[in-house]
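Residues in the sequence shown are numbered consecutively from -10, following this note's numbering.
Below is one structure, written out as C-alpha cells; the observations come after it.
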Amino acid sequence: MTETFKPDPDAVEIVEQETCFQGFYRLDRLSLRHRQFSGAMGPVIHRELFVRHDAVCVLPYDPQRDQVVLIEQFRVGAYGKSENPWLLELVAGLIDKDEEPEEVARREAVEEADLQLTSLWPITTYYPSPGGSNERVHLFLGRCDSDGAGGVHGLAEEGEDIRVHVMPLEDALALMREGRLDNAASMLALQWLALNRAEVRGLWT
C-alpha cells in the first residue's frame, strides 16, 4: 500500500491571515509555508480560502420499492454555465447550529421533501473542493417510505422552491450516465448505492 505524507506538528506555518469578507460565508486570504516532500520548508505562498459550514447530504431510499427520492431546485452556481441551472440533487443542508450531522439529515428531509427518515447509513465524508474551501460533506443514505412522496416544499422564509421527484434507482443511474445529474454528492451516493444495493436491501427490508 502506498504511504502518504505524514506531517509533523510544525509542517504548516501561517505567516499572515486576513478576513477579506464576512457574511453568511467568509473569505480569508492566507500567506503560509508548508513542509515539502524533501523535508525542507517551502516558500511563502498566498491562497484565498472560502470558509464554509460543513454540509450534510442524504439520498432518501425506499428499499421496498427500490426507489430513490431526488429534489430539484435553482442553483446560482450552475447559472451561466449549465443550459439548465435547475439541478437534480440530494436533500442537503449546512451544519450551522449545534447539531450532529444525523440531526441535520433528518431535519432537511422533512423541510425539503416532507420525508421521515427511519434509518441513516453513513456513506463517507469528503472535501468537495479542498484547493480553496474548508467545507467537509457528510454523506448519508436515508431509509424512507416513498409512497405519496412528491410536491413542492422548502422554507418560504429562505426563498426555497424545491420540487420532489421519486424514481426507480435504475432511472436515476441512467440520468447520471446521460449527464443530466451532474453534481458530486448525488453521483457519489448513487454510485455507492448501486454497488451496495443488495446489502442495503438485505438489512433494510
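C-beta: ideal position from N, C-alpha, C; glycine also.
First and last residue of the uninterrupted alpha helix (DSSP H) at residue i
i     : result
ARG15 : Premise fails: ARG15 lies in the beta strand (DSSP E), 15 to 23, not in any alpha helix (DSSP H).
Simplified DSSP assignment, three categories, for residue i
i      : result
MET30  : strand
GLY168 : coil
PRO74  : coil
GLU2   : strand
ARG96  : helix
PRO90  : helix
Enclosing beta strand (DSSP E) for residue i [first to last residue]
i       : result
MET176  : Counting along the chain, MET176 falls outside any beta strand (DSSP E), though it belongs to the alpha helix (DSSP H) covering 173 to 193.
GLY82   : 80 to 83
GLN56   : 56 to 63
ASP(-3) : Neither: ASP(-3) is in no beta strand (DSSP E) and is coded neither H nor E.
ASP43   : ASP43 -> no beta strand (DSSP E), and no H or E assigned at all.
Counted within 10 angstroms of its Cβ, other Cβ atoms place residue i as buried (16 or more) or exposed
i      : result
HIS35  : exposed
PRO90  : buried
LEU184 : exposed
ALA187 : exposed
GLN56  : buried
ALA0   : exposed
CYS46  : buried
SER118 : exposed
SER71  : exposed
ALA102 : buried
ARG95  : buried
LEU76  : buried
C-alpha distance - residue i paired with residue j, whole-angstrom precision
i       : j      : result
ASP87   : VAL93  : 10 Å
CYS133  : ALA174 : 19 Å
LEU59   : ALA161 : 9 Å
GLN105  : GLN53  : 15 Å
GLU5    : HIS23  : 13 Å
ASP(-3) : GLY28  : 10 Å
LEU144  : GLU100 : 7 Å
ALA98   : GLN25  : 44 Å
GLU17   : HIS142 : The residue you asked about is not Glu; residue 17 is Asp in the sequence shown. Their Cα atoms are separated by approximately 34 Å.
GLY82   : MET30  : 38 Å
PHE129  : ASP51  : 14 Å
message = In chain order, what are the residue ranges of uninterrupted beta strand (DSSP E) at least 3 long that sit wholly in the region 99 to 179?
response = 108 to 115, 126 to 132 and 151 to 157
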